[in-house]
Each structure stands twice: as C-alpha cells, then as structure tokens.
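Trainee:
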Amino acid sequence: MPENLRTIKKDINYLIDELLFDCCMFMELNPGKNQEQAMEIINQAISLRDELINRVNAIREQPVKPQFRALRKDMVDTLNGLFEKVSELAK
Numbered sequence: 007m008p009e010n011l012r013t014i015k016k017d018i019n020y021l022i023d024e025l026l027f028d029c030c031m032f033m034e035l036n037p038g039k040n041q042e043q044a045m046e047i048i049n050q051a052i053s054l055r056d057e058l059i060n061r062v063n064a065i066r067e068q069p070v071k072p073q074f075r076a077l078r079k080d081m082v083d084t085l086n087g088l089f090e091k092v093s094e095l096a097k
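The numbering used here applies: residue 7 is where the sequence shown begins, and numbers increase by one.
#1: Tell me the DSSP secondary structure of Glu24 in three-state form.
#2: Using the C-alpha atoms, what's the distance from Asn63 back to Ala44?
#3: Compare the Cα-Cα distances from Val92 to each of Leu35, Asn10, Ile18 and Ile14 and report the closest residue.
#4: In angstroms, rounded to a whole number, what distance separates the CA positions of Phe74 and Lys15?
#5: Report all residues from its chain with a CB closer than 7 Å to the CB of Ala51; omit the five preceding and five following residues, and keep chain order.
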C-alpha cells in the first residue's frame with residue numbers, strides 16, 4: 007500500500023486512540039490504583055499525537071519515503087513504550 011499523509015494520520019490517530027482507551031479502561035476497572043500515572047500516560051499520548059501530526063504536516067521534501075519510514079519507526083517505538091507502561095500499571 008502506498009504511503010501518503012492521510013493513511014499515516016489515520017494510523018497515528020488509531021494507535022493513540024487505542025492507547026487512550028486502554029488507559030481509560032485501566033482507570034475504570036482499577037479505581038484509586040495508579041490513577042496519576044495513568045493520567046501521565048494519557049498526557050504523553052496526547053502530546054505524542056500532536057508531535058507526530060505536526061511532523062507529518064511538515065513533510066514537504068522529496069523523497070518522502072525515508073521520512074515516512076523514520077516517522078513510523080519513532081511512532082511504533084514510542085507507542086510500544088507507552089503500552090508497556092500501561093501494562094506495568096495493571097500488575
């Protein structure tokens with residue numbers, strides 16, 4: 007599938023929404039347990055979404071494939087770290 011700005015933005019929003027959903031479910035199912043840490047993860051996710059969308063919007067130079075590749079790698083690495091933090095909260 008050819009990469010374009012629209013699909014990358016959709017991927018960013020989808021993955022961030024999944025992370026936010028996981029945090030909200032954790033907070034709902036575990037009232038009073040690590041609520042502040044869950045809110046910090048939510049704030050980091052929202053900041054990450056803004057940063058990634060801004061990076062996508064700033065892509066103007068050719069070739070764009072290496073820029074997309076770097077953006078996706080950063081996105082996946084950072085989101086994996088945030089998902090791991092959510093998993094650690096539940097333990």
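Virtual Cβ for every residue (Gly too), placed ideally from N, Cα, C.
Mentor: Looking at the atomic coordinates:
#1: helix
#2: 29 Å
#3: Leu35
#4: 11 Å
#5: Ile22, Leu25, Leu26 and Leu88
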